[in-house]
Amino acid sequence: MKFCNGLVILVGIATVLAFAGLIPLGTWQDDFLTLHNYHQQGGDFLIERLRHWSPRPLSEALIYLYAVTVHHYGLPLIGAFIALFWLVLAGALLLPPSLGKRGFLTAIAMLAMLLLGHPVTEFFYWPDGVAAYLPTLAAAALLLALDWGGWSESKTGLCWTFIALMTAAASSEVGAMFTIIYVGLLVISRSVQSRRQMTLMVIPFLLSSGLLCLQYSGRVSQASEIIGDPAIAHHPFATLLAVAKDLPFELLKGDTLRHKYIGLAEGLVIKLLFLVGLYLAMSARRSSPNKRMQRMRLILALALLATAMLTMAAAFYNFGAPCCERHDTLRQNYILIALGSLATLLAARWPSRHFKYAGPILLLALAIPLIAILPRLVAEYRDYAAIVQARDDTWRSGQSVGPDMKFTQTIPNVTGNVYITPDIYRRTANPDADQRAQWILAFFDKQSVEFTPAVNATDRNDAYLIQ
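Count the sequence shown with the numbering used here and you get residues -14 to 452, in order.
What follows is the structure, encoded as structure tokens:
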């Protein structure tokens, strides 16, 4: 039993370190345009984004500070920026169990699973996405970790719960949705026991409500982002039908690079193994079975699952499609944290005597998605030096004197990339021009850019290209 548990911890740490080692390969997408506008317009652009496009006070303020730092030092600083958010997520999930001297096995398994079984590019390696969604995820992870560490019912735990909800609300619209649902369920179930607790819950609830109203009256009401079916976008009934049709696949699927039904079966097996493994591990700990804590665990799980479903509805309504990789990744990770809370609830109410099997089952749950992504991880590390050199060459070319630059491209494996058909692109106001090239030209203030063929091109499957 101890050997298998130790192996789970070892594999979990190795998995996290393997993905963390790729942080310096993180890449900009529309960050080129966002950082350019922040440099040109400063605080006015921040206020404009908060009012009409992205009412995310925390994440937008951090991106603004990042833009100021980039232009001050003349360096992209992608790895340093992303690493800070990774540390926040790791700390939120690992510190409460570690300080409480309980639950580290489940915490490190959870941290590793958050990186496995789904795409990670936009969520973990894209600065704009990282700033919005990693704090959102860290907030939910902290609520679970406080329970695992035995802090939930303490005054310290209450303060950190408030911080988590404020962080979620101020980081992204998904976090705001989660906060409203979570606090609403707490109040409805009478789980808020004092006026002080009520005050600490009402503040993030009101903040979330206000920010979602801004989002709807600004970005959503413009109806300018329909990338899917126009018959679904901004049609409530059609949205509900689309969500009902795609719900099982979107919530249970595994790696989207695989066939749809293979991915569905893989995701279902992995999640079931993970739930059972966590349940058995928590059974060995004899978690608190008191009624309030059980309600809190159920509320956390329900709020996460409800938010995952609501993000699907919001995406179909605004875009006419499930939209983006980052939304998918957040949904999958919300489900994993919900499974952690459900496993804790079940173990406290009906503990199993077979907890010695927790290690092998958790190990299997980690191994299946890890084996699937291992070839891409190996390829990314094999090309590491070439990718870093290509990024450096591009930056130096962009900073050089003259109207022209060269963008040295690479084929992405894990961390993603902007990959554009090799050619020379010129700066223009033509809306039909490749916008990604125009963003890059605006950022570097160039008149033309030559995109090279990928310097690490091999016979790999073109599915890895981000077009």
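Virtual Cβ for every residue (Gly too), placed ideally from N, Cα, C.
Listed in chain order, the non-local C-beta contacts of leucine 96 below 6 Å within the same chain comprise Val1 and Leu78, local neighbours out to five positions each way being set aside.
DSSP places phenylalanine 109 inside the alpha helix (DSSP H), whose first and last residues are 106 to 109. Bounds of the alpha helix (DSSP H) holding arginine 34 are 28 to 37. Closest in alpha carbon position to threonine 406, among Leu260, Thr395, Thr400 and Ala414, is Thr395.
Around the beta-carbon of alanine 216, fewer than 16 other beta-carbon atoms lie within 10 Å, marking it exposed. According to the DSSP assignment, arginine 316 belongs to the alpha helix (DSSP H) that extends over 310 to 334. About 4 Å separates the beta carbon of phenylalanine 163 from that of threonine 292, a gap short enough to meet the 8 Å contact definition. Runs of the alpha helix (DSSP H) lying entirely within the stretch 227 to 283 and spanning at least 4 residues, in chain order: 245 to 268.
Sorting Arg311, Ala343 and Pro274 by C-alpha distance to the C-alpha of leucine 265 places Ala343 at the top.
In the displayed model, aspartate 408 falls within a strand according to three-state DSSP.
Taking the C-beta atoms as reference points, proline 274 is found nearer than 8 Å to alanine 333. For glycine 401 against threonine 106, the beta-carbon gap comes to about 3 Å, under 8 Å, which counts as contact.
The three-state reading of DSSP puts valine 177 in coil, since its state is none of H, G, I, E or B. With fewer than three CB-CB distances shorter than 8 Å, the stretch 25 to 37 does not count as touching the stretch 100 to 116. Secondary-structure assignment with DSSP links serine 433 through a beta bridge to Asp389 and Arg411.
Per DSSP, reduced to three states, the secondary structure at lysine 86 is coil, with no helix or strand assignment.
For the pair leucine 258 and serine 157, the Cα-to-Cα distance works out to about 30 Å. The C-alpha of alanine 357 is placed about 39 Å away from the C-alpha of valine 53. When the five nearest sequence neighbours on each side are left out, the beta carbons in the same chain lying within less than 6 Å of the beta carbon of methionine 267 are those of Ala328, Thr329 and Ala332, in order along the chain. Annotation for proline 388: Lys431, Gln432 and Ser433 place their beta carbon closer than 7 Å to its own, counting only its chain and skipping 5 residues before and after. In the DSSP annotation of this structure, the continuous segment of the alpha helix (DSSP H) that includes threonine 0 starts and ends at -13 to 5.
8 Å or more divides the Cβ of leucine 362 from the Cβ of methionine 98. Short of 7 Å from the beta carbon of glutamine 279, and not among the five residues preceding or following it, lie these beta carbons of its own chain, in chain order: Leu330, Ala333 and Arg334.
The stretch 124 to 135 makes no contact with the stretch 370 to 385, as fewer than three CB pairs between them are under 8 Å.
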